[in-house]
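In terms of this note's numbering, the sequence shown opens at residue 588 and continues consecutively.
Note that CB positions come from ideal geometry on N, CA and C, so glycine has one too.
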Amino acid sequence: MPVFDADLPSEFERVLRDFLHDAGESICRIEPTFGPAVSTLRDFVLGGGKRLRPTFAWWAWRGAGGTPDSDEAEGVLRAVASLELIQACALIHDDVIDSSDSRRGSPTVHVAFAARHTRERWLGSAEAFGQAAAVLIGDLALAWAEDMFAECGLPPATIAAARPAWRAMRTEVLAGQYLDVHTQATGDTSVEAALRVDRLKTAAYTVQRPLHLGAALAGADDELIDALLDFGGELGVAFQLRDDLLGVFGDPSVTGKPAGDDLREGKRTLLVALGLDYAERQGSTKERKMIAEAVGDPDLTDAEVDDVRQALVSVGAVAEVERRIEAMTENALTALRKASLAEPAAQRLVELADRATRRTS
């Protein structure tokens, strides 16, 4: 296979490692106290992740005419890899918002810094220090994402062409996060609200805008970009629906998060919305009460999670989510077939669609 195409994860890892080393070197020399924050961000970015966002962006660039042996290929790698820093910001802040204890099988950033505060016997609240540190480290990731994108080495005109996608993505993910916490605060368990969060917080940020970004870097026209946005919109929601199922039914040793955490955190997912709706329609009072009381209960036991799982299966919510994943994936592939993409990008995007919707973590 051409250079870069054969092992994209390793290439993303390489450019991220180089950037993070260079970005942190100066500030750590000026202020060594900031070193643990910088190293935490570096370890977080390099310590895991599916690299789906830069992979979608890369194959959109390839499909729109980008060639891996061109002078611009290395710059494109750096530009799309910067998406991983936005992802780091979103995850670190999400864990604070959701009061999550673990991520990828390890303590979340705010928990780790709170533990450090306790070990060092510092003044004030360990929890408040951990949350403050995590917010600032997430902000650092967002700032560095902009630096990595802007300084990727591509011509100014190429970067300018991709700016609309870059700006839209950053705004949409924040709007989606706000919508997510808003639905939790208001207790909105409607199917419509769950789908709005899915489309704004996940579909746009995970699939649509990375595709838009990659295609724009290759100079794609509006027709191709629109086709990719249609593909990404359907696939992105299907991706989130799979995530919803894993949040309740996933194996913690694979997902890296305790089973049922979405329930404890009060996530108003489509799975929960359908469970409540179907239980009410069927007159399944016991199941509806069980699901409703589980959402947002931080003390939910594993046994109670098992009961909720059974309730979601029995009222048909799980089967309906699976049906929607299959239907939306097929809709996405139909949209993809309408796009005039160069190979091997078209086939790689088909494979990515399968990977995104059938994953176990």
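Quick check: the Cα distance between residue i and residue j, rounded to an integer number of angstroms?
i: residue 888; j: residue 836; result: 14 Å
i: residue 733; j: residue 601; result: 18 Å
i: residue 650; j: residue 894; result: 46 Å
i: residue 692; j: residue 842; result: 8 Å
i: residue 721; j: residue 871; result: 42 Å
i: residue 801; j: residue 643; result: 8 Å
i: residue 695; j: residue 702; result: 11 Å
i: residue 730; j: residue 739; result: 14 Å
i: residue 912; j: residue 748; result: 33 Å
i: residue 755; j: residue 768; result: 20 Å
i: residue 593; j: residue 775; result: 45 Å
i: residue 936; j: residue 899; result: 32 Å
i: residue 617; j: residue 736; result: 24 Å
i: residue 779; j: residue 903; result: 18 Å
i: residue 804; j: residue 810; result: 15 Å
i: residue 706; j: residue 687; result: 20 Å
Looking only at C-alpha atoms, which of the options sits nearest to residue i?
i: residue 757; options: 599, 787 and 643; result: 787
i: residue 647; options: 880, 636, 664 and 632; result: 664
i: residue 657; options: 674, 605 and 741; result: 741
i: residue 630; options: 616, 706 and 608; result: 608
i: residue 941; options: 793, 668, 919 and 713; result: 919
i: residue 796; options: 667, 681 and 909; result: 667
i: residue 856; options: 828, 595, 769 and 865; result: 828
i: residue 764; options: 947, 791, 652 and 618; result: 791
i: residue 718; options: 697, 820 and 858; result: 697
i: residue 879; options: 860, 897 and 750; result: 860
i: residue 922; options: 858, 832 and 822; result: 822
i: residue 806; options: 751, 845, 773 and 669; result: 751
i: residue 907; options: 866, 808, 877 and 726; result: 866
i: residue 824; options: 793, 846 and 849; result: 793
i: residue 772; options: 684, 726 and 714; result: 684
i: residue 596; options: 930, 637 and 704; result: 637
i: residue 820; options: 833, 700, 917 and 862; result: 917
i: residue 759; options: 679, 789 and 777; result: 789
i: residue 726; options: 680, 863 and 849; result: 680
Would you list the residues sitting across from residue i in a DSSP beta bridge?
i: residue 689; result: 694
Just to confirm my understanding: we take residue i, look at its own chain, exclude 5 residues before and 5 after, and list those with CB closer than 8 Å. What are they?
i: residue 614; result: 621 and 625
i: residue 590; result: 655, 656 and 660
i: residue 783; result: 766
Report all residues from its chain with a CB closer than 7 Å to the CB of residue i; omit the five preceding and five following residues, and keep chain order.
i: residue 815; result: 647, 798, 799, 802 and 926
i: residue 632; result: 603, 607, 671, 672 and 675
- Of all the alpha helix (DSSP H) runs that stay within the bounds of the region 694 to 758, which reach a length of 4 or more residues? 696 to 707 and 713 to 737
- 3-residue-minimum beta strand (DSSP E) runs that sit fully inside the region 600 to 671, ordered along the chain: none
- Can you give, in chain order, each stretch of the beta strand (DSSP E) that sits fully within the region 791 to 857 and has at least 3 residues? none
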